[in-house]
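Asks: Got a structure for you, written out below as structure tokens; questions coming shortly.
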Amino acid sequence: TINNLSKKVLSISAQHSVFRENLEALSRPTEKIQRTKMPAECVKVVVRCRPLSSKEVDEGRKRIVDVDMKIGQISVKNPKAGQAEPPKSYTFDLVYDTNIEQRQLYEEAAAPIVDNVMEGYNGTIFAYGQTGTGKTHTMEGVYTNDELQGIIPRSFKHIFQNISGMGDDKEYLVRASFLEIYNEDIRDLLSKNPDTKLELKETVDSGVFVKDLTSFVVKGVSEITNVLSVGKKNRTVGATLMNQDSSRSHSIFTVTVETSDKLGEDSHIRVG
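For the sequence shown, my numbering gives the first residue as 862, with consecutive numbering after it.
Pasting the structure below:
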């Protein structure tokens, strides 16, 4: 079930964080510059507030959320309460107001995770929120507009720009897979028969994985974008009051980067 999957993922993430913290203290150069001041090994919660939609403005809705990006705090006012009732405040790792640019959000919240994947570690960027909160805008944005591109297209560029800038002593293999979790069933969105239900497995060596999940080797931004587009066409969607073409499921797009470092006649392989 989704709950069991979440527990396994959180357990693995916690174990991975402790191991990696100890490993990096021994192996990473001290001059390595992080993109953010937050520690690289932990689960971080980032909140982005969207502006009022045109429909909400027409209905006379008012903003009740204040965002303090400097201290990572969001304050929510109760519109039905009197002036004497103070707003409720919540603190997160990062918070972003309605006017934040896609580029800044990516550089601060997502790019460090992609950097770590290129180093051979696992990382996850998970968007969560009810229909109409802006998950698709944050994760995908507008592919044809450089300023409005979201996390996914920017991460594709990030990965292959890193690869193109590496020397001849490194070789890369990039693979992509795309699955959907709907009504606690797992489907392969890249399969010739996407309606087939897949099984969740776990082994000591591989950890948690989906058996028989399709994986495509991609050699550039255009190829991996095409893989994503093919999978999106197979997703389960349906109309809601907030969105005429809302996703009715959870989806996971996975990019696996294998790096081979040539060390004389030997080679060292890292997978993230």
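Every residue gets a Cβ at the ideal spot worked out from N, C-alpha and C, and that includes glycine. All figures in this text were calculated on a predicted structure; none of them were measured in a lab.
(1) Any idea what DSSP makes of arginine 1015, helix, strand or coil?
(2) Leaving out five residues on either side along the sequence, give the residues of the same chain with a beta carbon under 8 Å from the beta carbon of valine 909.
(3) Could you have a look at arginine 911 and say whether DSSP puts it in helix, strand or coil?
(4) Please state if the CB of leucine 1034 and the CB of aspartate 1049 are separated by a distance shorter than 8 Å.
(5) Per DSSP, which residues does valine 1078 bridge with? Please list them.
(6) Return the first residue and the last residue of the beta strand (DSSP E) that glutamate 1131 is part of.
(7) Since lysine 1031 and serine 1110 are thought to touch, with beta carbons under 8 Å apart, how far apart are those beta carbons, to the nearest angstrom?
(8) Between the Cα of valine 1078 and the Cα atoms of Val1088, Pro948 and Glu1041, which residue gives the shortest distance?
(9) Counting only the same chain and skipping the five closest in sequence on each side, list residues whose C-beta sits under 7 Å from that of leucine 887.
(10) Where valine 1116 and serine 1038 are concerned, what is the direct C-alpha to C-alpha distance, given to the nearest angstrom?
(11) Please go through the same chain and pick out, in chain order, the residues whose beta-carbon is closer than 7 Å to the beta-carbon of isoleucine 1024, but skip the five residues on each side of it.
(12) Counting C-beta neighbours from all protein chains within 10 Å, is the total for histidine 1129 16 or more, i.e. buried, or is it exposed?
(13) Tyrosine 1043 bridges to which residues according to DSSP?
(14) Let me know the secondary structure DSSP gives glycine 1002 once reduced to three states.
(15) Using the Cα positions of lysine 905 and arginine 911, report the straight-line distance between them to the nearest angstrom.
(16) Figure out for me which residue from Ile1042, Lys1123, Val1118 and Leu913 has the closest Cα to the Cα of glycine 984.
(17) Can you tell me where the beta strand (DSSP E) with valine 1118 in it begins and where it stops?
Replies: Straight from the coordinates:
(1) Stepping through the sequence shown from its first residue, residue 1015 is reached at position 154. In the structure shown, arginine 1015 adopts helical secondary structure according to DSSP, grouped into three states.
(2) For the purposes of this step, residue 909 is taken as the residue at position 48 of the sequence shown. The amino acid at residue 909 is misidentified as valine; the sequence shows arginine. Excluding positions up to five away in sequence, the list reads Val956, Tyr957, Ile961, Leu966, Gly995 and Thr999.
(3) Start at 1 with the first residue of the sequence shown, and residue 911 comes out as number 50. Reduced to three states, the DSSP call for arginine 911 is coil.
(4) On the sequence shown, position 188 is the one that residue 1049 refers to. On the sequence shown, position 173 is the one that residue 1034 refers to. Their beta carbons are not under 8 Å apart, which means aspartate 1049 does not touch leucine 1034 by this criterion.
(5) Along the sequence shown, read from residue 1 onward, the residue named residue 1078 stands at position 217. DSSP lists Arg1036 as partners of valine 1078.
(6) Translated into the one-based positions of the sequence shown, residue 1131 becomes position 270. A small fix is needed here, since residue 1131 is arginine in this sequence, not glutamate. Looking at the DSSP string, the run of the beta strand (DSSP E) that includes arginine 1131 is 1127 to 1132.
(7) Counting from 1 along the sequence shown, the entry for residue 1031 is found at position 170. Counting from 1 along the sequence shown, the entry for residue 1110 is found at position 249. Contact doesn't hold; Cβ gap of about 37 Å is too wide.
(8) One-based indexing of the sequence shown puts residue 1078 at position 217. Of the listed residues, the one whose Cα sits closest to valine 1078 is Val1088.
(9) Here residue 887 refers to the residue found at position 26 when the sequence shown is read from its first residue. Confidence in leucine 887 is poor, its pLDDT being 33 and thus under 50, which makes the residue's placement unreliable; the coordinate value appears in the next sentence. Hits under 7 Å: none found.
(10) Walking along the sequence shown from the start, residue 1116 turns up at place 255. Walking along the sequence shown from the start, residue 1038 turns up at place 177. Between valine 1116 and serine 1038, the C-alpha separation is close to 7 Å.
(11) Taking the first residue of the sequence shown as position 1, residue 1024 is located at position 163. So the qualifying residues of the chain are Tyr1033.
(12) As a first step, residue 1129 is located in the sequence shown; it is residue number 268 there, counting from the start. So histidine 1129 counts as exposed.
(13) Taking the sequence shown and counting its residues from 1, one reaches residue 1043 at position 182. Bridge partners of tyrosine 1043: Asp1046.
(14) In the sequence shown, counting from the first residue as 1, residue 1002 sits at position 141. In this structure, glycine 1002 counts as strand in the three-state DSSP scheme.
(15) One-based indexing of the sequence shown puts residue 905 at position 44. One-based indexing of the sequence shown puts residue 911 at position 50. Distance between the alpha carbons of lysine 905 and arginine 911 is about 19 Å.
(16) Taking the sequence shown and counting its residues from 1, one reaches residue 984 at position 123. Here the closest residue by C-alpha is Val1118.
(17) Sequence index remark: in the sequence shown, residue 1118 carries index 257 (1-based). Segment 1111 to 1124, the beta strand (DSSP E) holding valine 1118.
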